[in-house]
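**Q** Taken in order, the sequence shown gives residues 0 to 178; the numbers are from numbering that gives the first Met the number 0.
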Amino acid sequence: MQTSITVGQASLELVQGDITAQPDLDAIVNAANAQLTTGGGVAGAIHGAAGPQLARAGRALAPIAPGEVVVTDAFNLPNRRVLHALGPVYGRDEPPDELLASCYRQALELAAEEGLTSVGFPAISTGAFGFPLRSAAEVALRTVTDALRQPSSVRLVRFVLFSADDLRVHAEVLADLQT
Ligand code: ADP
0 MQTSITVGQA
10 SLELVQGDIT
20 AQPDLDAIVN
30 AANAQLTTGG
40 GVAGAIHGAA
50 GPQLARAGRA
60 LAPIAPGEVV
70 VTDAFNLPNR
80 RVLHALGPVY
90 GRDEPPDELL
100 ASCYRQALEL
110 AAEEGLTSVG
120 FPAISTGAFG
130 FPLRSAAEVA
140 LRTVTDALRQ
150 PSSVRLVRFV
160 LFSADDLRVH
170 AEVLADLQT
């Protein structure tokens with residue numbers, strides 16, 4: 000199973016793990032809700048680890064629209080920044096592929112504006128928001144590889160997948176993208 004590739008000057012890695020436990024990354028991406036409040040899933044884990052200041056920082060920036068990304072400090076997380084991306088709710092927010100791609104593209108643009116070198120992504124929209132995992136992985140990996148071919152401060156993108164199955168599907172999609 001291939002879990003890392005080089006794209007331009009950057010590495011793209013796939014790992015199984017918890018996005019709140021990636022201390023070597025400058026920024027992690029939150030699969031946020033529009034109000035930037037805590038909620039469940041990955042947002043619950045990120046807010047829990049960051050502390051209540053994260054929701055307070057979000058309040059000033061909310062609401063955000065599907066496909067939009069905003070940046071805050073990371074507070075008690077071991078990272079410098081949290082990039083809050085609102086993925087599409089599958090079956091409601093249209094067109095889903097473009098809105099999901101926008102999350103990945105805007106997150107990498109914001110990271111570059113902040114001069115960050117490493118970013119971790121969860122599988123945005125594939126939990127409570129219901130985006131089919133394989134289609135989401137295709138959009139995510141295609142968008143990130145396209146973005147990394149452009150000049151940027153970002154040298155490492157890590158997809159932090161929660162389950163072994165999520166990791167396997169992403170690895171299969173990555174292999175297909177290269178052929
Ligand atoms: P969304 O509402 O965008 O679908 P969810 O948080 O429900 O977001 O799920 C997005 C993905 O994040 C799912 O694949 C879920 O399994 C995964 N996930 C949940 N907790 C974590 C975590 N601590 N680290 C990484 N991924 C996580």
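Where is the CB? At the ideal position from N, CA and C, for every residue including glycine.
May I ask you to check if the CB of VAL41 is nearer than 6 Å to at least one heavy atom of the ligand ADP?
**A** Yes; taking the cut-off as 6 Å, the Cβ of VAL41 has a heavy atom of the ligand ADP nearer than that.
**Q** Please confirm whether any heavy atom of the ligand ADP lies closer than 6 Å to the CB of ALA44.
**A** The answer is yes for ALA44.
**Q** When the Cα atoms are used, what is the spatial distance from ILE27 to ASP92?
**A** Computed Cα separation, rounded: 24 Å.
**Q** Mind checking LEU176: buried by the 16 CB within 10 Å criterion, or exposed?
**A** With fewer than 16 other Cβ atoms within 10 Å, it is exposed.
**Q** If you draw a straight line from the alpha carbon of ALA30 to that of LEU85, how long is it in whole angstroms?
**A** If I take the Cα positions, the gap works out to 6 Å.
**Q** My output table needs one value for LEU76: the three-state DSSP class, helix, strand or coil.
**A** Three-state result, LEU76: coil.
**Q** To which residues of the same chain is LEU24 closer than 7 Å at the C-beta, ignoring the five residues directly before and after it?
**A** Closer than 7 Å at the Cβ level, and outside the excluded window around LEU24, lie ASN78, SER117, VAL118, GLY119, ARG157.
**Q** Quick check on the burial criterion: 16 or more other C-beta atoms within 10 angstroms. Buried or exposed for THR178?
**A** So THR178 ends up on the exposed side.
**Q** I need the boundaries of the alpha helix (DSSP H) containing SER101, first residue and last residue.
**A** It spans 95-112 - the alpha helix (DSSP H) in which SER101 sits, taken as one unbroken run.
**Q** Between the C-alpha atoms of SER162 and GLY126, what's the straight-line distance to the nearest angstrom?
**A** When rounded, the distance between both Cα atoms is 12 Å.
**Q** What do you get for GLY50, buried or exposed, if any count of 16 or more other CB atoms within 10 angstroms of its CB means buried?
**A** Burial call: exposed.
**Q** State the CB to CB distance for the pair LEU138 and LEU82, rounded to an integer number of angstroms; the pair is presumed to be in contact (CB under 8 Å).
**A** Residue identity differs from the one stated: residue 138 is Val in this sequence, not Leu. So it is not a contact: roughly 17 Å between Cβ atoms.
**Q** Using 10 angstroms around the beta-carbon of GLY90, count the other beta-carbons present and answer buried if the total reaches 16, otherwise exposed.
**A** GLY90 is exposed by the Cβ-count criterion.
**Q** Rounded to the nearest angstrom, what separates ALA146 and ARG55 at their Cα positions?
**A** Roughly 31 Å between the two C-alpha positions.
**Q** Indicate, with yes or no, if the ligand ADP has a heavy atom lying under 6 Å from the CB of THR2.
**A** Because no heavy atom of the ligand ADP lies under 6 Å away, the Cβ of THR2 does not count as near it: no.
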